[in-house]
Structures are given as C-alpha cells and as structure tokens.
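Quick notes on the structure that follows.
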Amino acid sequence: MQTDTHPALTTAPWTRRDAVAAIVLALLAFGIYANSIPNEFVYDDHTVVVQDTRSHGLSRIDKLFSQGYWTITKRPLYRPITLLSLAVNHAVTGLSAPGYRVVNLLLHALVCIGVYRLTLLVFGRFWTALVAGLVYAVHPIHVEAVVPIVGRSELLAALAVVVALALYVGDAARGGRGVTWRYVLIVALTWTAMLCKESAIVLIGMVVAFDAWRRYREPTRPIGWGNYFTSRFIWRYAGMIFAVLIVFSMRQYAIGTLFGEGITFPLVDNPLGRDPLWVRALTGFVLLGKYAQLLLIGHPLCCDYSYDAIPVARSITPAVLMGAVCLAGVLVTAVVSLRRRGETALGVCWFLVAYAPVANVVVLIGTFLAERLMYLPSIAVAMVWGVVVSGAVERCRKRGSAGFQLLAACLTVATVIGLGAYGVLTVRRNAIWRNDESLYRDGLAKQPDSARCQFNMGSWYASHGEMDKGIEHLRRAVEIADSYVMGRTKLGYCYLCQSRWQDAVDVLKPLVASTTSRSEHLISPLQMMGRAHLEMGNLDAAIGSFRRVLEIDPKNAEAKRCVAEIVTRPEVGGNLYSPLEGWGLIVEAVNLEPNDVVYLASAARIALRQHRLLEAKTYLARATEIANERIRQANAGKLDRAATRTVRLMARDLTRMRDDLREQMEERIRRLRGEATQPSGTSSTSNATSTWRADGSD
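When we follow the numbering used here, the leftmost residue of the sequence shown carries the number 63, and every step to the right adds one.
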C-alpha cells in the first residue's frame with residue numbers, strides 16, 4: 063500500500079487512477095448489495111412507498127411539496143425531494159421493489175465515490191481516500207439505509223452533503239472571496255439536502271469545523287480568529303443559512319411547524335420524550351457506546367432498538383461507563399491528533415457534528431436508536447479509517463527495516479480481511495431484509511424485549527390468518543409498553559376477528575381513556591370499540607364511541623355510516639331512533655366514499671327501511687355494478703382470499719336487498735291501486751298518504 067500525495071488540493075483534476083478507483087468503488091458498492099435487489103417491500107416501505115399514492119407518478123407533485131412526509135401521523139417531517147425521487151422512480155419502473163432498490167444501490171455507489179473524492183481533496187493521499195471509500199462501501203451498518211426503499215432520504219441527504227463538502231474544500235478553502243459557481247451550487251445543495259432529510263442541516267456545522275481545522279493548521283495566521291470567521295460568514299456561511307431559512311419557510315407553510323412544536327413522541331418510538339436532561343445525558347452515553355460497537359464491529363444488527371430494547375439510564379451503569387469511555391477516547395484522539403498532523407481530529411469533529419442531531423440529548427427525534435442514522439456520520443468514521451490505516455502503513459514502510467516492511471504487509475492484509483468480513487456481514491444482512499417475515503423473526507430473536515419487535519411479529523401472524531400466534535405476541539408488546547397505541551389497536555382488531563367482543567373492549571378502553579394519546583390515534587380504537595359494543599347490544603356505548611370519532615374527525619365516513627345504521631333501526635326506539643339524522647349521515651358518508659360498495663349498500667339498506675324506494679333503487683344499482691366488477695376480479699384471481707369472501711358476502715346481501723326492494727314496490731303498487739278504488743277524500747287514503755310522506759318516500 064504505497065502512499066502518494068495528490069497534487070493541488072483545491073483544483074485537483076480527475077486522473078486515470080481516480081477514474082479507476084471510482085469504477086472499483088461503484089462496482090463494489092453495487093455488487094455487495096446485489097443480492098438485495100429481488101427483496102420485497104419491507105417494513106416502512108409499505109406506508110411510504112406502497113400506500114402513499116402521492117408518489118405514484120408525477121401528477122401530484124404539488125402534494126409532495128405542500129404536505130408532510132408521513133400521511134398517517136403528525137410527525138414533523140418534511141422531505142419533498144425524497145418523495146419526488148420516489149415519484150420519478152415510479153414513473154419509470156412502476157411499483158416495483160427491485161426498480162426502487164436499484165436506484166438506492168446506484169445512489170449508495172455515488173456516495174462512496176463522493177467519500178473517496180472528499181477524502182482525497184482534504185488529505186491529498188490516494189490510499190487514504192481509497193481505504194475510506196472501501197470501508198464506506200462495504201460497512202454492514204449501512205444496510206438499513208440502502209436496502210429498504212425508505213432509506214432513500216438517507217442516501218440523497220448524504221450525497222448532497224458529500225458533494226457540497228467536496229465543492230467547499232475546492233472553493234472556499236482557497237480563501238478567496240466572491241461568489242463562484244461552486245458556491246452557488248453549495249447553497250443549492252444545502253437547500254436540497256435539507257429537503258431530503260432534516261438532519262442534513264449539519265452541513266453548516268461541518269464546513270465551520272473544516273474552516274477551524276484548516277485555520278488551526280496554518281503555519282502563519284495573518285488575521286485573528288474573529289476576523290477570519292467574520293469573513294467566512296459573510297462570504298460563505300450566509301448563503302447556506304439563507305438556504306436553511308427558505309427550507310424553514312417551506313416547512314412552516316406545508317406542515318405548520320418548524321421544529322415539531324407540540325408534538326410528543328410516543329413512548330415506544332422514543333422513551334426519552336418525557337425525561338429530564340440529565341436522564342437524556344446518561345442515556346446518551348449508552349447510545350454512543352452502542353453506536354461505537356456497531357460502527358467498529360458491524361454486528362449484531364437489528365431492525366429495531368425502541369422501547370424497551372435499550373433501557374433508559376437513570377443511574378451510572380456499565381453501559382453508561384462504556385459510552386463515557388468511548389467519548390473520552392474520541393476526544394483524546396482528537397487532541398493528540400491536533401498536536402501532530404491533525405487529520406484524525408477533523409474526522410472526529412465531523413463525526414460529532416453529524417452525530418449531534420441524532421444523539422437524543424439536546425434535540426429529541428422520533429427514533430431512539432437506528433442503524434440508518436449512522437449513514438451520514440459514518441462518512442467521518444470511514445475517513446478516519448483511511449487516515450489511520452494508510453498512515454500506519456506509511457510509517458512502517460518509511461522505517462525501511464525488514465521487520466517494519468513485514469508489519470506493513472500484515473497491516474495491509476488485516477485491512478483486506480477486515481473489509482472482507484464487513485462484506486460478508488453486509489451480504490448476509492441483505493438476506494435478512496428479504497421480506498417482512500425474515501426481518502421480523504430476526505428482530506424478535508435479537509430484541510425480545512422490544513415492544514415493536516413483538517408488535518411486528520404479531521402483526522405479521524395476524525395478517526396471515528394465524529390469530530392465536532398474533533395475539534400472543536401482541537399481548538407481550540402491550541405488557542412491555544402498556545401505553546403502546548399501535549399494539550393495543552392491533553390486539554383489539556385481532557379480538558374482533560375472533561368475535562371476542564369483551565376482550566376487545568377491555569384492551570382498548572385504557573387507550574381511549576388516556577389523556578396523552580394524540581386524537582388521530584384514537585379513531586381506529588374508538589371505531590373498533592363501537593363495533594364491539596354494537597355486537598354485544600350496548601347501543602348507547604356504541605353510538606358514543608362513533609360520535610367521539612366524529613368529534614375528532616367530522617368527515618369520517620365510517621363513523622357516519624355506523625351511526626346512521628344504528629339510529630335508523632326502528633327496533634332501537636327511544637331517544638336513539640332518529641331516522642332523519644341517520645339519512646343525512648348516510649348521504650354524507652356516500653358523498654365522501656362514492657365508489658365504496660359498503661357505503662352504497664348501507665345507503666340502500668337505510669333507504670329501504672324508510673321506504674325511499676327511488677333512492678334505494680339508485681344506490682342498489684351502483685353497489686351492484688361495483689360488486690359485479692369486484693367479483694370478476696375475484697374470479698380472475700386478482701383478489702386475496704379474504705377480499706374474495708367479503709365481496710361474495712356483499713353480493714348475497716345486495717341480492718336480498720333487491721328482493722326486499724321488489725316486494726316494497728309491489729306492496730306500494732297494491733296500495734295505490736286499492737286507494738284508487740276508494741272514494742276520494744276518505745280517511746284511509748289520507749292516513750296512508752301522510753304515512754308515506756312522514757317516512758320520506760315522496
């Protein structure tokens with residue numbers, strides 16, 4: 063491993079050797095993940111990619127920039143460029159998991175080349191840059207960012223940050239003033255990176271750290287530190303800060319918040335949300351120690367580290383001490399480095415800056431710990447690897463003796479073996495992300511005390527019809543985290559599927575009675591409680607649940623339909639019977655869901671109860687048309703077993719309603735004929751007519 067100094071750091075052109083290195087890195091980065099290409103959509107891919115139709119093509123670009131990243135929760139995330147990339151992907155490849163994943167792999171390859179180029183510009187040594195690029199390309203901690211499609215935000219943000227840093231080193235590091243094309247592009251990349259992922263704001267901190275590092279290493283300092291940074295602010299930082307302000311303005315317009323004011327993260331997502339700063343600081347040492355282990359060894363990896371996989375630290379524990387030792391070691395390394403060449407110090411500073419937003423100490427985020435969060439900070443780690451390995455080999459070879467030459471060869475071989483081990487771990491980890499089942503089983507085996515791992519496994523079993531196994535894991539998830547909204551909601555659903563109405567009410571009652579749960583999370587539990595009460599004959603409780611849903615979401619079509627079905631039943635009697643209100647609610651529900659056969663069938667059923675024969679005929683015709691189309695899809699094998707069974711039951715229900723409609727129409731005709739044979743003005747005719755009008759048929 064021979065060390066070379068690259069010429070002219072600020073204007074270094076691409077050489078043939080650089081091109082060969084870039085090709086090798088791209089092929090390695092793509093090839094090491096090639097076995098993940100056939101993988102299915104996994105985990106959050108289902109929500110962000112499959113279910114979110116905003117990114118299914120390019121016809122709804124305005125929605126991508128005017129709404130938040132998540133559509134099912136109020137998390138303060140705004141990543142329109144990430145969604146735009148998914149929309150372009152869909153326009154080219156369709157809803158194909160391999161099509162999306164190939165783009166992810168290409169982006170990862172570009173980031174690896176960017177790491178190589180940045181390291182080369184900063185340190186000027188080919189082998190340092192190559193080792194950094196190789197480490198970054200094969201490190202197994204990156205699997206969670208590269209293989210799942212939702213890792214696109216990490217890839218795009220890291221690519222923008224690396225390119226911007228490389229341009230900054232090549233432009234601003236020259237010390238010149240004025241606006242150049244590189245600087246304009248840096249400002250644009252700052253804006254782009256933050257619209258890919260919020261944590262990319264660390265780019266500003268990283269350029270400031272670079273300027274401080276470069277200034278410290280200057281043999282002569284013609285101006286003081288204050289004047290130096292004032293000049294850098296005017297000619298370099300101001301434009302980047304302006305780009306950040308533009309992003310903040312866009313966030314405020316789209317999601318109504320800058321930093322997530324008023325958003326409380328659920329306990330399962332981040333158990334530090336309600337703890338004081340000193341608890342977060344102690345736990346921060348634990349998290350740093352865990353990240354250090356994963357960055358150094360790359361094993362064992364897991365898809366989830368949420369509550370209670372890593373307990374919150376409220377006292378000095380071995381895990382806290384280990385994290386403190388890691389932090390102390392990093393800081394000591396930086397200080398020692400500054401007394402020499404200072405190269406490792408820059409890597410340490412860049413890591414700490416990039417790590418700060420995800421450390422969960424000063425700033426809380428919606429994730430406790432995740433491997434994907436290291437995709438950007440690990441750039442600095444890879445650079446340190448390159449500096450340490452190439453520096454050690456260089457010093458051994460400069461000694462000249464046979465012993466040191468042998469040591470240099472051993473270090474080179476050890477580096478190759480280490481890279482190979484990383485590669486093997488990465489390839490094996492890719493296979494774990496093959497589908498939801500393999501991922502959830504692996505997560506549960508490694509983190510059995512994680513509420514979400516239990517929830518994931520239970521949900522998978524439930525979705526595949528194994529309700530008993532699903533309930534077993536979901537009950538364990540609720541035992542771990544009593545206030546787990548998704549866990550209790552899914553468990554209640556499983557009880558409903560087994561007609562265990564009282565069990566469903568019992569598991570959902572603490573949830574709907576909670577004062578800490580966000581209102582949008584209560585809609586599904588309230589609807590399920592309403593259905594359970596309805597099946598048990600508790601009509602007052604059922605209507606109460608559905609009306610609470612309407613208080614939270616006045617346009618909830620399902621709640622309107624359920625209330626309408628109850629209050630239009632003549633047998634309910636008393637204050638519950640309200641046919642006019644029920645008719646108004648079902649009409650509103652159908653207007654909200656005009657092509658849903660369930661709502662059309664309910665409207666027809668209620669119309670028949672109230673003898674609204676024309677309306678019943680209209681709704682039945684529309685419902686029958688849609689049901690027949692669904693039956694054709696079922697016969698063609700385009701629907702799963704559960705959907706096929708549902709549509710066939712609905713078809714039989716529609717047949718019964720058509721028979722009821724025919725009987726009512728025949729009965730009306732008989733009455734009208736009977737009325738026509740009676741003398742005009744008789745009391746029987748008058749009473750019959752008034753009765754029909756009261757029911758609303760005319």
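Ideal Cβ placement from N, Cα and C applies to all residues, glycine included.
query	result
Would you kindly work out how many angstroms separate the C-alpha atoms of Tyr278 and Thr406, rounded to a whole number?	14 Å
Between Trp522 and the rest of its own chain, which residues show a CB-CB distance below 8 Å, the 5 nearest in sequence each way excluded?	Asp498, Glu499, Tyr502, Gly532
Under the rule that 16 or more other beta-carbon atoms within 10 Å means buried, what is Ile85, buried or exposed?	exposed
With a 10 Å radius around its C-beta and 16 neighbouring C-beta atoms as the bar for buried, classify Ile378 as buried or exposed.	exposed
Between the Cα of Trp340 and those of Ala316, Glu687, Leu363, Arg376, spot the shortest distance and give me the residue it belongs to.	Arg376
Report yes if the CB atom of Arg163 is closer than 9 Å to the CB atom of Ile99, and no otherwise.	yes
So within the stretch 652-713, which uninterrupted alpha helix (DSSP H) runs reach at least 4 residues, ignoring any that extend past its ends?	659-671, 675-697
Give the range of the alpha helix (DSSP H) segment to which Phe347 is assigned.	339-358
What residue does the alpha helix (DSSP H) around Glu102 start on, and which one ends it?	Note, Glu102: premise wrong, no alpha helix (DSSP H); not H, not E.
So for Ala604, helix, strand or coil by DSSP?	helix
Could you give the DSSP three-state label for Ile303: helix, strand or coil?	helix
Let me make sure I understand the geometry here. Which of Val197, Val173, Leu573 has the alpha-carbon closest to that of Ala228?	Val173
So Tyr369 and Ala513 are supposed to be a Cβ contact under 8 Å. How far apart are they, rounded?	5 Å
Beta-carbon within less than 7 Å of Gly166's beta-carbon, same chain only, minus the 5 sequence neighbours each way: which residues are those?	Reading the sequence as shown, one finds Asn at residue 166 and not Gly. So the list reads Val208, Ile211, Gly213, Arg214, Leu217, once near-sequence residues are dropped.
Going by DSSP in three states, His583 sits in which element: helix, strand or coil?	helix
Smallest Cα separation from Gly453: which of Gly465, Ile441, Ala470, Pro439?	Ala470
With C-beta atoms as the reference, is Phe92 less than 9 Å away from Leu168?	yes
In chain order, which alpha helix (DSSP H) runs of at least 4 residues are fully inside the stretch 389-419?	405-417
Please report the straight-line C-alpha distance between Ala756 and Tyr639, rounded to a whole angstrom.	Here Ala756 scores only 33 on pLDDT, less than 50, and its place in the model should not be relied on; the value that follows carries that caveat. Going by the C-alpha atoms only, they are around 14 Å apart.
Can you give the Cα-Cα distance for Phe347 and Asn332, rounded to whole angstroms?	16 Å
How about Ile203 and Leu383: do their beta carbons lie closer than 9 Å?	no
Runs of 4 residues minimum, wholly inside the stretch 202-231: which ones carry the alpha helix (DSSP H) assignment?	205-208
I'd like the list of long-range same chain contacts for Met33, defined as Cβ closer than 8 Å, with 5 residues on each side in sequence excluded.	The question about residue 33 has no answer, for the chain in this structure spans 63 to 760.
Mapping DSSP to helix, strand and coil, what is Thr751?	Its pLDDT being 37, under 50, Thr751 is placed unreliably in this model, and the value from its coordinates should be taken loosely. DSSP places Thr751 in helix when its eight states are reduced to three.
Can you tell me whether Arg79 is helix, strand or coil according to DSSP?	helix
List in chain order: all unbroken beta strand (DSSP E) runs of 3+ residues lying wholly within the stretch 250-275.	none
How many angstroms separate the CA atom of Leu734 from the CA atom of Leu647?	31 Å
One question on the structure: do Thr77 and Thr109 come within less than 9 Å of each other, judged by their Cβ atoms?	no
Under the rule that 16 or more other beta-carbon atoms within 10 Å means buried, what is Arg294, buried or exposed?	buried
What's the gap between the Cα of Arg707 and the Cα of Ala621?	24 Å
Hey, Leu192 and Ala83 are a contact pair by Cβ (cut 8 Å); roughly how many whole angstroms apart?	6 Å
Short of 8 Å in beta carbon distance, which residues of its chain neighbour Ser128, apart from the five on each side in sequence? Order them along the chain.	Tyr315, Ala316
What are the boundary residues of the alpha helix (DSSP H) that Asn518 is part of?	513-525
DSSP three-state call for Leu723: helix, strand or coil?	helix
As a quick exercise: from Ala685, Leu506, Val629, pick the residue whose alpha carbon is nearest that of Arg718.	Ala685
Going by Cα to Cα distance, which pick from Val330, Ile359, Gly635 is closest to Leu481?	Ile359
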